Amino acid sequence: MSTLALAVRDTNTMLRRNLLHARRYPSLTLNLLLTPVMLLLLFVYIFGDVMSAGMSGGGADRADYIAYLVPGLLLMTIGSTVVGTAVSVSNDMTEGIIARFRSMAIHRGAVITGHVISSVLQSIVSVVLVGAVGVAIGFRSTDATALEWLAAFGLLTFFALALTWIAVGMGMVSPNAEAASNNALPLIFLPLISSTFVPIDAMPGWFQPIAEYQPFTPAIETLRGLLLGTEIGHNGWLAVAWCLVLTALGYRWSKAVYNRDAK
Amino acid sequence: MSNPAIAANGLRKSYGDKKVLDGIDLTVPEGTIFSLLGPNGAGKTTAVKILSTLITADAGEAHVGGHHLATDPQAVRAAIGVTGQFSAVDGLISGEENMLLMADLHHLSKAEGRRITAELLARFDLTEAAKKPASTYSGGMKRRLDIAMTLVGNPRIIFLDEPTTGLDPRSRHNMWQIIRELVTGGVTVFLTTQYLEEADQLADRIAVLHNGRIAAEGTAEELKRLVPGGHVRLRFTDPETYRSAATALTHATPDGEAQTLQIPSDGTQRELRAILDWLDAAGIEADELTVHTPDLDDVFFALTSTGNAIPDQTKENVR
Numbered sequence: 000m001s002t003l004a005l006a007v008r009d010t011n012t013m014l015r016r017n018l019l020h021a022r023r024y025p026s027l028t029l030n031l032l033l034t035p036v037m038l039l040l041l042f043v044y045i046f047g048d049v050m051s052a053g054m055s056g057g058g059a060d061r062a063d064y065i066a067y068l069v070p071g072l073l074l075m076t077i078g079s080t081v082v083g084t085a086v087s088v089s090n091d092m093t094e095g096i097i098a099r100f101r102s103m104a105i106h107r108g109a110v111i112t113g114h115v116i117s118s119v120l121q122s123i124v125s126v127v128l129v130g131a132v133g134v135a136i137g138f139r140s141t142d143a144t145a146l147e148w149l150a151a152f153g154l155l156t157f158f159a160l161a162l163t164w165i166a167v168g169m170g171m172v173s174p175n176a177e178a179a180s181n182n183a184l185p186l187i188f189l190p191l192i193s194s195t196f197v198p199i200d201a202m203p204g205w206f207q208p209i210a211e212y213q214p215f216t217p218a219i220e221t222l223r224g225l226l227l228g229t230e231i232g233h234n235g236w237l238a239v240a241w242c243l244v245l246t247a248l249g250y251r252w253s254k255a256v257y258n259r260d261a262k
Numbered sequence: 000m001s002n003p004a005i006a007a008n009g010l011r012k013s014y015g016d017k018k019v020l021d022g023i024d025l026t027v028p029e030g031t032i033f034s035l036l037g038p039n040g041a042g043k044t045t046a047v048k049i050l051s052t053l054i055t056a057d058a059g060e061a062h063v064g065g066h067h068l069a070t071d072p073q074a075v076r077a078a079i080g081v082t083g084q085f086s087a088v089d090g091l092i093s094g095e096e097n098m099l100l101m102a103d104l105h106h107l108s109k110a111e112g113r114r115i116t117a118e119l120l121a122r123f124d125l126t127e128a129a130k131k132p133a134s135t136y137s138g139g140m141k142r143r144l145d146i147a148m149t150l151v152g153n154p155r156i157i158f159l160d161e162p163t164t165g166l167d168p169r170s171r172h173n174m175w176q177i178i179r180e181l182v183t184g185g186v187t188v189f190l191t192t193q194y195l196e197e198a199d200q201l202a203d204r205i206a207v208l209h210n211g212r213i214a215a216e217g218t219a220e221e222l223k224r225l226v227p228g229g230h231v232r233l234r235f236t237d238p239e240t241y242r243s244a245a246t247a248l249t250h251a252t253p254d255g256e257a258q259t260l261q262i263p264s265d266g267t268q269r270e271l272r273a274i275l276d277w278l279d280a281a282g283i284e285a286d287e288l289t290v291h292t293p294d295l296d297d298v299f300f301a302l303t304s305t306g307n308a309i310p311d312q313t314k315e316n317v318r
């Protein structure tokens, strides 16, 4: 069997194993979805009137705020789904099973690649589920073309891939599942200080650069632009650049840790 | 034996200042059971990890299954099966799914994978529990599943790192039977253990690992001959006979309660005959005569006590 065929076959086997875990124990994935869904409902139905009144000089209503909120929460959904990836990678790396995989004549990268693909697929399913909640409470895109929908889907997938690689690295260096879950917390925390809930210019001046250039905000603004027709500007390139950088960093980090001698 | 299954030369490994392996040489002929015996922390697991490609040695080289460990690790991996000290089963999926996962990773066809899975699950008495998550298995069942998974790819060389640690006596004897059956198929087994009895029961050759070095190597019999402590034991049923024998045999150690006498002996034919002649001459007739060679415990303590001093036999005599 050629190296490539071997890599594809082993990665596929590992992917099926991870998806089997996800199917057998859906509670972990579903629990992680609770955060974005709760925040969506909280900000729309509890804080919704105040939030929408505070935006656009008081002229906005709740429907406008739902539209503003959903893109950010979709990206937050990815952030919280990959926390589960960090936990499951850490579980794998700290149990005896990884020694078994390492001592078998299988494609070396298959263990990690299997986790990565499985995590991206789970992220997509999660985004669809949270998106469905958004649509159910009234989210509608404004005149998005098929191409824009495709670009939105591409952005979400690429963003999921980038965060997944970072989460894999976090899972690798964590001594146990609890530590992995704690280490991956910034991935849930960062969206809270992005433009998810309020526009950047409503924040204190000293904080604006932090909120504006962190990985989530450019992606959120780009997604808003694609789905709602708002101005994308430099955010499109920034979002792609962040995805590239995070993917490359996470990939190199994970690979370096994986190739270290077993403890 | 043309090609040894495992041949290692001068393996060294340190973690920081701590020398775990300090230059060990090993040769394991094909189709035999080799046991690496040592107390906790002696470096047994490190040796297994190096030979199974999990970690790299700081120095020295080794061939496993005829393949060079450093230059062709993937070929080594294709020849070996490893059951580590810590359970290497996926607890979240069932025993059967674990087996099928191994079959897939060995690139067996679906039908072949199912056949081997069913066969091995039956052989290791796991058919009934096949559909249950592996995390619900008992310690012995997990160990059996672990070995069954190792056997899926039909490896020629199997590493077992403390396969019976933590098992109850029945499971341990089952495991011994399993290991013996493996070798009848021509497989080579590299076994680590801290139990002397286990090495004695199973291994063709034993190496005693102490402070990162091989303190002694040989068959169980050869190792036992390394230390003194053998004796001939005479048992008497009649108190009268016992008393007169005890008076006559001044250099024997008497045990009044058990009515036995112990005469130091290295267990050779010559010395045994001398004792018998001497008993005849003294007109002493024991009801039972047994020859005791030192057991592996004696060897183990002799070799692994600080400075490798051979302890005196007071312990034996006081008993």
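Quick note, the sequences are listed as chains A and B, same order. All residue numbers for the first sequence refer to numbering that gives the first Met the number 0, where the first residue is 0 and numbers rise by one. All residue numbers for the second sequence refer to numbering that gives the first Met the number 0, where the first residue is 0 and numbers rise by one. Virtual Cβ for every residue (Gly too), placed ideally from N, Cα, C. All of these numbers come straight from a predicted model, not from anything done at the bench.
Per DSSP, what kind of secondary structure is residue i in: helix, strand or coil?
i	result
B/GLY152	coil
B/PRO38	coil
A/GLN121	helix
A/GLY224	helix
A/ARG259	coil
A/ARG158	With the sequence shown as reference, residue 158 of chain A is identified as Phe, and Arg is not the correct amino acid for it. Looking at A/PHE158 - three-state DSSP - the assignment turns out to be helix.
A/LEU72	helix
B/LYS17	strand
A/ILE187	helix
B/GLN84	coil
B/SER93	strand
B/LEU125	coil
B/GLN258	coil
B/VAL290	strand
Among the residues of its own chain, which have a CB less than 6 Å from the CB of residue i, if the five just before and after it don't count?
i	result
B/ALA206	LEU35, ILE213, GLU216
B/LYS12	VAL19, LEU20, THR45, ALA56, ASP57
A/GLU211	ILE199
A/ALA183	VAL82, ALA85, ALA166, MET169
A/GLY47	ARG61, TYR64
Check the Cβ of residue i against every Cβ in chain B and list those closer than 8 Å, keeping chain order.
i	result
A/TYR264	Since the displayed chain A opens at 0 and closes at 262, residue 264 of chain A lies outside it and no answer follows.
A/THR12	LEU100, ASP103, LEU104
A/ASP9	LEU104
A/ARG16	ASP89, ILE92, LEU100
Closer than 8 Å by C-beta to residue i: which residues in its own chain qualify, once you throw out the five before and the five after it? Chain order, please.
i	result
B/ALA219	ALA198, ASP199, ALA202, ILE205, LEU295
B/GLY90	PRO132, ALA133, SER134
A/THR2	HIS106
Going along chain A, which residues have a C-beta under 8 Å from residue i?
i	result
B/ILE79	SER102
B/VAL88	GLY95, ILE96
B/GLU96	LEU19
B/PHE327	Here chain B has residues from 0 to 318 only, and residue 327 of chain B is not among them.
Alpha carbon to alpha carbon, how far is residue j from residue i? Give it in angstroms, no decimals.
i	j	result
A/MET75	A/PHE157	14 Å
B/MET148	B/MET98	6 Å
B/LEU125	B/MET140	7 Å
B/ASP71	B/ALA61	11 Å
B/GLN328	B/LEU275	Here chain B comprises residues numbered 0 to 318, so residue 328 of chain B is not present and cannot be evaluated.
B/HIS105	A/SER102	12 Å
A/PHE215	A/VAL110	28 Å
B/PRO3	A/THR84	44 Å
B/ALA128	A/ILE116	31 Å
A/ILE192	A/LEU160	21 Å
A/LEU225	A/LYS254	34 Å
A/ALA247	B/LEU181	46 Å
B/ILE223	B/ASN210	The identity of residue 223 of chain B in the sequence shown is Lys, whereas the question assumes Ile. When rounded, the distance between both Cα atoms is 20 Å.
A/SER140	B/SER51	57 Å
A/THR221	B/ALA74	49 Å
B/GLY42	B/PHE123	30 Å
B/ALA102	B/PHE300	44 Å
Identify the contact partners of residue i in chain B, using a Cβ-Cβ distance below 7 Å as the criterion.
i	result
A/ARG139	Near A/ARG139 there are no residues of chain B at all, since even the closest Cβ is about 40 Å away, more than 7 Å.
Chain A partners of residue i, CB-CB under 9 Å?
i	result
B/ARG114	Those do not exist, as B/ARG114 stays about 18 Å from chain A at its closest Cβ, beyond 9 Å.
Using a Cβ cut-off of 9 Å, pull out every chain B residue sitting near residue i, in sequence order please.
i	result
A/ARG61	The premise fails here: A/ARG61 is roughly 43 Å from chain B at the closest Cβ pair, so nothing lies under 9 Å.
Can you list, in chain order, the residues of its chain whose CB lies under 7 Å from that of residue i, leaving out five sequence neighbours each side?
i	result
B/ASP145	THR82, SER86, ALA87, VAL88
B/TYR241	PHE235, GLN258
Can you pull the chain A neighbours of residue i, defined as C-beta to C-beta under 7 Å?
i	result
B/GLN200	By Cβ distance, chain A contributes nothing, its closest Cβ being about 25 Å from B/GLN200, past 7 Å.
B/GLN73	ALA104
B/ARG76	SER102, MET103, ALA104
Could you tell me whether any non-hydrogen atom of the ligand ZN is closer than 7 Å to the CB of residue i?
i	result
A/ASN175	Annotation note on the ligand ZN: not contained in the displayed structure, which lists no ligands.
What residues from the region 88–104 of chain A come within 7 Å of chain B, judged by C-beta to C-beta, listed N to C?
-> Of all residues in the region 88–104 of chain A, only GLY95, ILE96, ALA98, ARG99, ARG101, SER102, MET103, ALA104 come within less than 7 Å of chain B when Cβ atoms are compared, listed by chain position.
Taking a Cβ distance cut-off of 9 Å, strictly less, list which residues of the region 100–111 of chain B are near chain A, in chain order.
-> LEU100, MET101, ASP103, LEU104, HIS105, HIS106
Given a limit of 9 Å on CB to CB distance, which residues of the region 25–55 of chain B reach chain A?
-> Answer in chain order: LYS48, SER51, THR52, LEU53, ILE54, THR55.
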